[in-house]
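Data first, discussion second: the structure below is written as structure tokens.
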Amino acid sequence: MTRGRSALPWTGGGVPAGHGTGRSGPPRPGAEALPVGVEEEFFLFDPRTGRTIPRAAGVLDAVRDPDRVQREFAACQVETASSPHTDLGELQRELVRLRSELSGAARRAGCRLTACGSAPFENSATGATVTDIPRYLRIARAYGAIARGEKCCGCHVHVEVPDREEAVQVCNHLRPWFPTLLALTANSPFTAGRDSGYASWRTIAWGRWPTVGPPPLLDSAADYRATVDALVRSGVILDEAMVYWLARPSHHLPTVEVRVADVCATAEETVAYAAIVRALVTTVLHDIRSGVPAPRPVEALLEGAHWRAARDGLEGQGVDPFTGAPVPAWRLVDELMARIGPALAAAGDLPMVTERLFLLRCLGSGAARQRAVYGQRSNLQDVVAWMGRQTAPVTVCDLPLLTSQGDFSVI
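Under the working numbering, the residues of the sequence shown are numbered 2 to 412, in order.
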């Protein structure tokens, strides 16, 4: 929910506006990769109770390098914002460093940093302390129970698209892929002390805010500007930063911001997801410059596919947003990989993403792994402790493993 930070050093590099217009061909090996940056939101939990604790101010005071960390809407949350990178190895090193430093600061402040989309013990009745920042307090007054309700942690990926006209068109072209991106990152099965029945409860809870959902099909940057201005004038949103569409041209950076995902359990998963998003943006940019029109799935089917992805994640059925046919979620992932494979290969990211997807097939999504930990002793505090260990750098041996019989165990 943050406004973002305009100090991020996005320079307008990467693929220049207007470059390669016309039929430029698919991404080529060795082609310059688009810069990408990541924002990650985290909960602060009481290590004794497993419940959220409003200590963001103390954590930020304990951070040794505060430039990339900021407070969030709720005082039990903090957010990191990476630098932009073309080399995803550098992005991973920065995310690991940010998580490690913030986790240490949380320990010094008497709490535990945790990467999960929803707080397992909280719900809309428990509420949370709002951060004492004027804009946040205005939002809390304007949106009542929605603002006072349970809090959510997401992962936002920024991909550099400096041409505003192209950025709007990129958002149009991304729409059919939102459910698959959500299934890949679902990491919030628990709420109110029990299993929600959803792989991404964050998606359901967050969906109560105005403008959350797929962006409308817009014709131009002027159309985007007029739509946002109308939403602000109407009082539906207080400012442009409250445009919570699943993808949007950033209001303060030369990027397209993709806002689909739960925060991922590990930094490695975040980097793989960022690679997928970058490759998808690269692919649809090629389509746009080749004159390919934006796909137009039926709105009701697209919304239904997104709901189904929130419920089932990777472990169940997805929905084809064009036909409405039920499809195994992993088949939709395979279709996505076929679509973006050339862009991943051109950026040098295909081996890393392929390996990460193999691990997700073996280990399960973040939601499935949380449920596996809970299944061992039916204790949500175990889940919170396990998630805290995943947030800072870990090895694969700390992850639960899906056995050939379909059961989970810990390696």
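Each residue gets a CB set at the ideal place from its N, CA and C atoms; glycine is no exception.
Limits of the unbroken beta strand (DSSP E) element including residue i
| i | result |
| --- | --- |
| residue 263 | 256-263 |
Residues that residue i bridges to, as DSSP identifies them
| i | result |
| --- | --- |
| residue 196 | 191 |
| residue 161 | 256 |
| residue 131 | 75 |
| residue 379 | Beta-bridge pairing links residue 379 to no other residue. |
| residue 156 | 41 and 262 |
| residue 214 | 246 |
Chain-order list of residues whose beta-carbon lies under 6 angstroms from that of residue i (same chain, five-residue window excluded)
| i | result |
| --- | --- |
| residue 306 | 180, 320 and 322 |
| residue 312 | 199 |
| residue 226 | none |
| residue 247 | 179, 215, 260 and 261 |
| residue 355 | none |
| residue 314 | 184, 187, 200, 366 and 368 |
| residue 333 | 181 and 319 |
| residue 31 | Caution is warranted here: a pLDDT of 48 is assigned to residue 31, below 50, making its placement in the model unreliable, and no coordinate value can be reported. |
| residue 1 | Residue 1 lies beyond the stretch modelled for the chain, which goes from 2 to 412, so this question has no answer here. |
| residue 87 | 34 and 36 |
Close beta carbons around residue i, own chain, < 7 angstroms, minus the five adjacent residues each side
| i | result |
| --- | --- |
| residue 393 | 100, 101 and 104 |
| residue 265 | 116, 156, 186, 188, 271, 274 and 367 |
| residue 500 | Nothing can be reported for residue 500: it is not among the residues displayed for the chain, which extend from 2 to 412. |
| residue 380 | none |
| residue 107 | 45, 60, 113 and 114 |
| residue 142 | none |
| residue 42 | 73, 78, 80, 154, 155 and 264 |
| residue 385 | 46, 51, 115 and 121 |
| residue 119 | 151, 153, 189, 191, 192, 202, 203 and 206 |
| residue 54 | 45, 46, 47, 77 and 112 |
Span of the alpha helix (DSSP H), counted from its first residue to its last, around residue i
| i | result |
| --- | --- |
| residue 172 | 165-175 |
| residue 1 | The structure shown does not extend to residue 1, since the chain spans only 2 to 412, so no value can be given for it. |
| residue 34 | No alpha helix (DSSP H) holds residue 34; DSSP gives it neither H nor E. |
| residue 207 | 202-207 |
8 angstroms Cβ shell around residue i - same chain, five flanking residues per side excluded
| i | result |
| --- | --- |
| residue 25 | In this prediction, residue 25 scores a pLDDT of 41, lower than 50, which makes its location untrustworthy; the coordinate-derived value is nonetheless stated afterwards. Excluding sequence neighbours, residue 25 sits near 287, 290 and 291. |
| residue 341 | 277, 280, 281, 283 and 284 |
| residue 269 | 93 and 357 |
| residue 228 | 217 and 219 |
| residue 330 | 181, 184, 310, 313, 314, 315, 316, 317, 318 and 319 |
My parser needs the alpha helix (DSSP H) runs of 4 or more residues fully inside the segment 36-119; what are they? 57-63 and 89-109
Counting only runs that start and end within the segment 317-367, where is the beta strand (DSSP E) found for 3 or more residues in a row? 318-320 and 327-329
Could you name each continuous beta strand (DSSP E) segment of 3 residues or more that falls completely within the segment 229-315, going from the start of the chain to the end? 248-250 and 256-263
Evaluate the contact criterion for the segment 147-159 versus the segment 72-80: three or more CB pairs, one atom per stretch, below 8 angstroms. yes
Just checking, does the segment 372-379 make contact with the segment 106-117 on the three C-beta pairs under 8 angstroms criterion? no
Assess, as a yes-or-no matter, whether the segment 265-277 is touched by the segment 248-257 under the definition of 3 or more beta carbon pairs within less than 8 angstroms. no
With a threshold of 8 angstroms, are at least 3 pairs of Cβ atoms found where one atom belongs to the segment 199-208 and the other to the segment 171-190? yes
Taking contact to mean 3 or more Cβ pairs, one atom from each stretch, closer than 8 angstroms, check whether the segment 164-177 and the segment 291-301 are in contact. yes
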